[in-house]
Amino acid sequence: MLRLVVWNSAETAQHTIELYDHAPVNLNYQFADVSQINKTQGSYSQTFRIPATKQNRDFFGSIDKANIEDTSDLIISNYSVKQKIKAVLSYNTIPLMNGYVQIKAVYIQKKDFTDIELIFFGDTIDLSTALKEKKIADLTTTSIDHALNYGNLIGSMALGLNSGNVVYGFMDKGQNWTFTEGQTPPYTSTSALWQGDFTPYVRAKWLIDRIMSEAGYTYDSNLFDSADFLKIYLPAYNGSITPSSDDNSSAQQVAGVGLSSNFTLSTSYALVPLFDTAAGGYDYSSNWSNSSHTWTAPYTCQVTLTASVWFTGNADPVGVEIRKNGTTVVFQNPFGFNGWGQGTATIEVVVGDTLSMYAKDLTGIALSLNSNPVGDNNSTWFRIDAVSEPLQGQDVDMSLNFPDIKQIDFLMGLQKMFNLVFVPDNTKPSHLIIEPMQDYISAGTQKDWTNKIDYNMDVVITPTTDIQRNVFDWENSAGQDFINVAVQESTGRVYGRHRIEDKDNDFATGEAKVQTQFAPYILSNIPSSSIAIHRCIDKEGKGIQTPKARLAYYNGVDTSVGEVYVYNDALTSTNIGFLPNFSNYNAISPTVPDNDLNFGYERAFIFVNSHPVNTQYYRYWMGFVNELYSADSRLLTAYVKLTRADIQDFEFSDRIYIQDTYYRILKISNYDATTGGVVKVDFIKILSDVADCAYLPTGQNSSGAITFNGSVTEFGNQACCERYGYVWFPDKVGGNTRCFPSTFIPTPTIT
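Under the working numbering, think of the first position of the sequence shown as 377, with each following residue one higher.
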C-alpha cells in the first residue's frame, strides 16, 4: 500500500495523507540530483491528486474555499504555501522517495467534490537556497580569530596556529618589494618586515566545514580529508595591505590641525603651533596634543599625511619638514609656488611615535604663515589623511579579511575544480557524501539487471556524438593582477585553461565551459631575485583593491631564501631564515608526478624543473570526459522491470551489468509508485581506464628527459609528449629525439 507522510512546519509532528487507492504516482530519478548543488529540484513525481477528506483537511485546511481564512492558523501550525512540506513516500515499509511536497492546485468537481493536486520533489542539494546571498565574510570566525604577534606568525607556518587552519603567507599587496640595485631590499636587519606584511591564508577545509555547518548540513568526504586537500588554502586578502582587526577603527585615527593666527617664520626650523581647535580642525581619537603640537601614533601603522602652507612674500620659498619624534625628518619640501604649496607622503610609525610640522624662512625676509580653515588651499595646516590597520600587534578578525565571494560560489568553484558530486545520505537527514565524480562512480555496487530488461519494448543503443561539443573549456576566472592581465591580453584566454577541440566529430556542435569562481594563483619572482611569491598588484605596482578569491597549496617553509628579517613584538629585527611557500603546485620544487591547481599546462613565470602532469583536468575530469568522448561511448535506453526494493536500493554510482557490458544510470522515468513494474531507464556505458594517450609521463631522467609509463627507459612519442605540455626535440647528450620540460625554452619575462 502506497503511503504519504508529511510533517508540520516545525517538523515536530507527522500526518498521514489519504491517497486514492489506485491512482498512479509516477516518480522520476535523475543523475543531476548529485552532480549539481545549485539546482532547485532533482528527482520528482508527476503531479497527482489526493481527496479533500476530513483527514487531509485537518492538515491542509479549507484551501478550496478562497473566502475562508481558517487556514491561516493551520498554515502557522501545519504548513505554509511558501515553505517546503517535508514528506516521505513509501510502499508498505519500503521508502521510495524522501523529500517534500508542494501544493499545485485545488480542483472542485460538481460543486461538492474536491481534489488537492500535489507534486513530490525528492531530496536534492539545494545549497543555493540554504545559503542564499551569504558571503564567506558572513561566516562566524571566532575559532580562527587570533592575535597577530611574533609567536603566532611564526607558529602558523609550522601549522601551530588554530590547528593549522590559519597560516601566514607572503604575497605582494602593493609593497612593491624588489632587490634591484640601489633600492632597499624587502627585508634587512635595518629595514625588517612588519608582521602585517604577511597575509593570513585559511584552510579550504575549514571554510567548507563552517559553510556546511551554518547551513545545517553535515558531510563525509574522503577527498576533503585527504592530506593533499588539507594543504589547500584561500588567501584572506580583500585589498587591505595589513590584516584587519575589530579592536580599533583606523578611520577614526585621522586628524586635521591648523593655525589659530598667523605665524612668523625665522631662518631656522621651528615647531609650527598647530591646533585641532583651529577653524576646520578635528581629532576624532584624541591623538593630537595642542600643548606639544604633535600627533601620537595609537599603534604601529602606515600613515598618509599632507602638509600645506600659505605664506606672504610672493614666490619666496619656505622650508617645511615633518619630523618623527622631533628629530627624524620623514618628509621635507621647500615650497615656492606663488605663496602656496602642498606635499603628501606615506610613512611607517610605531606605537608612541609623534609627528609634527616644522618650517623656516629660506630667504631671510621674515615670511609669515597665514591661517585659514583646515583644508583650504589658502591656508597653513597639517593633516593625517589615512591611518592603516596596525602593521602588527592587532587582534585579527578573519571575517574582515576574506575576499568578496558568496558561500555558494565558493562551493561551486570547488565542485568544478574537483568534479564533485554531492549525494544525500538516505539514512541521515541533511547529511551528504561529497566526492569526485570518478571516485563516486568507481565505488558503486555491481548489480546484474540482464534478466530485468523487457525485450518486448525497444532497447535503443546510441553513440554520444549528439551530446558532444566542438569546443570544451575548463578554466578559472580572469584575475586582475598584472601577470593574469598580461596573459589575457596577449593570448585571449585565462592562464591555466584546458581546451578540448573535437575535430574528428562531424556532428559535434557548439561550445561548453566549466569555469570556477577562483582566479589563477600565479607565482613570479621578486624583481632581481629568485624568490617566488604571488604578486597581487597591477602594472603600476598598486595592490588589487577588490581581489578575486584564489586557492593555493601550502608547501611549508622555503629555507633557500637566505636571511629574512622580521620585527618581533619588541620591534627588534629578527632573522628567521625562511619564507612560507604558497603555490599552485603542491611542492616547492615540483616534478612530473606532482599536482597543479590549474586545469591546463602552462609555462611558469618562475623556474621549475618540470611542470607536473597532474592538473585538475587530468586528475578529476579526464576519465569522465574520455568516457563521454570516446568512439566506444554509448547511451542505452531500455525498459526495465524494477521492484520497489530495486528503487529503494539503487544509487547513481551503481555499476549495472546488462548482458556483457557495465552501465551506470542517468535517469529513471515515470516509475509508478502505486503499481511498480516496467519503467524507462537511461544508461551510459562505463568505459574502464580509457587511455588519454598511449604514453603517460611519470618521471624524468638525469639528462632532463621526460620518461613515461613508470619506466626509466621509456621515452614516449611526440604526440603524447606535446599532449602533456612538454617539448619534443633532440637530446644534446644522447643525440636522440626526446621529450623535455618546457623549461628548456627560455622562461617568459614579466616585470
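Ideal placement from N, C-alpha and C gives every residue a C-beta, glycine not left out. Remember, it's a predicted structure, so these values are computed and weren't measured experimentally.
Under the DSSP definition of a beta bridge, which residues are partnered with Y871? In the DSSP output, where bridge partners are listed per residue, Y871 has none listed.
Determine the closest residue to N748 out of N402, G657, L465 and T564, with distance taken between C-alpha atoms. The shortest C-alpha to C-alpha distance from N748 to any of N402, G657, L465 and T564 is the one to G657.
According to DSSP, simplified to helix, strand and coil, what is K782? Reduced to three states, the DSSP call for K782 is strand.
Kindly confirm or deny that the stretch 884-897 and the stretch 813-828 touch, where touching means at least three C-beta pairs closer than 8 Å. They do not touch, by the three-pair rule.
Nearest candidate by alpha-carbon position, reference Q628, set V679, K607, G572 and L583: The residue with the shortest Cα to Cα distance from Q628 is V679.
Which of helix, strand or coil does DSSP assign to K581? Helix at K581.
So does the stretch 1025-1043 actually touch the stretch 1065-1085, counting three or more Cβ pairs closer than 8 Å? Flag = no, the stretch 1025-1043 and the stretch 1065-1085 do not touch.
Spatial neighbours of K828 within its chain, please: CB distance less than 6 Å, with the 5 preceding and 5 following residues excluded, ordered by chain position. Exclusion of the five residues before and after K828 leaves V1016 and K1017 as the residues of its chain whose Cβ lies within less than 6 Å of its Cβ.
Three-state class that DSSP yields for C1096 in the structure shown: The three-state secondary structure of C1096, taken from DSSP, is helix.
Ordered list of beta strand (DSSP E) runs contained in the stretch 645-686, each at least 3 residues: As far as the stretch 645-686 is concerned, its whole beta strand (DSSP E) runs of at least 3 residues are 670-672 and 677-686.
Euclidean distance between Cα positions of L524 and K511: Looking at the two C-alpha atoms, the distance is approximately 24 Å.
Using three-state DSSP, classify S936 as helix, strand or coil. Residue state, collapsed to three classes: helix.
So G527 is in the alpha helix (DSSP H); what residue range does that whole segment cover? It spans Y526 to S532 - the alpha helix (DSSP H) in which G527 sits, taken as one unbroken run.
Quick check on the DSSP output: the alpha helix (DSSP H) that includes M813 runs from which residue to which? Here the alpha helix (DSSP H) through M813 covers M813 to S818.
Run the CB neighbour count on Q992, radius 10 Å, all protein chains shown included, and call it buried at 16 or more, exposed below. Per the 10 Å Cβ criterion, buried.
How would you write the range of the beta strand (DSSP E) that E697 sits in, first residue to last? Unbroken beta strand (DSSP E) run through E697: V694 to K700.
Looking only at DSSP bridge pairs, what is G855 linked to? Per DSSP, G855 has no beta-bridge partner at all.
How would you write the range of the alpha helix (DSSP H) that M998 sits in, first residue to last? Per DSSP, the continuous alpha helix (DSSP H) segment holding M998 begins and ends at M998 to Y1005.
Between which residues of its own chain and G719 is the CB-CB distance below 6 Å, once the five residues before and five after are set aside? So the list reads A683 and N709, once near-sequence residues are dropped.
Does the separation of the CB atoms of K915 and V836 fall below 9 Å? One thing to note: K915 has its Cβ no nearer than 9 Å to the Cβ of V836.
Closest by CA to L927, which one among L465, R379, T388 and Y577? For L927, the closest alpha carbon among the candidates L465, R379, T388 and Y577 is that of Y577.
Inspect the beta-carbon positions of K804 and T594 and report whether they are closer than 9 Å. In this structure, T594 lies closer than 9 Å to K804 by Cβ.
Per DSSP, which residues does R1114 bridge with? Please list them. Paired residue(s): F1105.
Can you tell which of Y1100, E493 and E1027 has the C-alpha that lies nearest to the C-alpha of P800? The residue among Y1100, E493 and E1027 with its C-alpha nearest the C-alpha of P800 is E1027.
Environment of E765 [buried if 16+ CB atoms lie within 10 Å]: Label assigned to E765: buried.
Pairwise C-alpha distance: G498 and I1129: Not covered by the structure: residue 1129. The range shown for the chain is 377 to 1127.
Counting pairs of Cβ atoms below 8 Å between the stretch 772-784 and the stretch 645-657, do you hit three or more? Too few Cβ pairs lie closer than 8 Å, so no.
What residues in its chain sit with their C-beta under 6 Å from that of V937, if we drop five residues either side in the sequence? So the list reads I907 and L955, once near-sequence residues are dropped.
I need the DSSP call for F632, collapsed to helix, strand or coil. Checking the sequence shown, residue 632 turns out to be Gly, not Phe. Note: G632 maps to strand in three-state DSSP.
Quick one: using the 10 Å Cβ neighbour count with 16 as the cut-off for buried, is D449 buried or exposed? For D449, the pLDDT reaches just 46, beneath the cut-off of 50, and the residue's location in the model is therefore unreliable, although a value from the coordinates is still provided. With fewer than 16 Cβ atoms within 10 Å of its Cβ, D449 is classed as exposed.
Please determine, among W686, R425, S904 and T672, the residue with the shortest C-alpha to C-alpha distance to G751. G751 has its Cα closest to that of W686, out of W686, R425, S904 and T672.
Look at L529 and Q559 and say whether their C-beta atoms are less than 9 Å apart. The answer is no: Cβ separation not under 9 Å.
Please classify L947 as buried or exposed, where buried requires at least 16 other C-beta atoms within 10 Å of its C-beta. It counts as exposed.
Pull up the distance between the alpha-carbon of A568 and that of N666, whole angstroms please. Cα-Cα distance, rounded: 33 Å.
State the beta-bridge partners of D737 as determined by DSSP. DSSP output for D737 lists V694 as bridge partner(s).
Output the distance between the C-alpha atoms of G872 and E978, rounded to the nearest integer angstrom. Counting only the Cα atoms, E978 lies some 6 Å from G872.
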